[in-house]
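In this text, residue positions in the sequence shown follow the working numbering: the first is 3, and each later residue adds one. Ideal placement from N, C-alpha and C gives every residue a C-beta, glycine not left out. Owing to the predicted nature of the structure, the values given are computational and were not obtained by experimental measurement.
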Amino acid sequence: MERLPVKSCILRSVGYDDTMKNMEIEFHSGLVFQYSGVPSKVYSDLVSSTAVGKYFSEKVRNRFRAKQIVV
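Here it is, written out as structure tokens:
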């Protein structure tokens, strides 16, 4: 999945697969997690947010099923 860079203190890049409703998030630590069942609006709101990390913490983390991806 192609990820686009975002301006955030904790997130490095974000990608989305509209067919599968999966969102991948790469953290500055180098870890990558895939979140499943994410509506496309959540993805678009995340990448257009003025506070990407805050949006992630409030609207994505602990709300969608996540698994670590080995890259």
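For Glu60 and Glu4, the rounded distance between their alpha carbons: Residue mapping note: residue 4 aligns to position 2 of the sequence shown, counting from 1. Residue mapping note: residue 60 aligns to position 58 of the sequence shown, counting from 1. About 24 Å.
message: Tell me the rounded alpha-carbon separation between Ala53 and His30.
response: The residue you call residue 53 lines up with position 51 of the sequence shown. The residue you call residue 30 lines up with position 28 of the sequence shown. Each residue's Cα considered, the two are about 16 Å apart.
query: Do we get a CB-CB distance below 7 Å when we pair Val44 with the residues of chain D?
result: Checking the listed chains, one finds no chain D in this structure; it contains a single protein chain.
- request: Quick one: measure Cβ to Cβ for Lys23 and Ser10, integer angstroms, because I've assumed they're closer than 8 Å.
  value: Residue mapping note: residue 23 aligns to position 21 of the sequence shown, counting from 1. Residue mapping note: residue 10 aligns to position 8 of the sequence shown, counting from 1. Lys23 to Ser10, Cβ: 22 Å. No contact.
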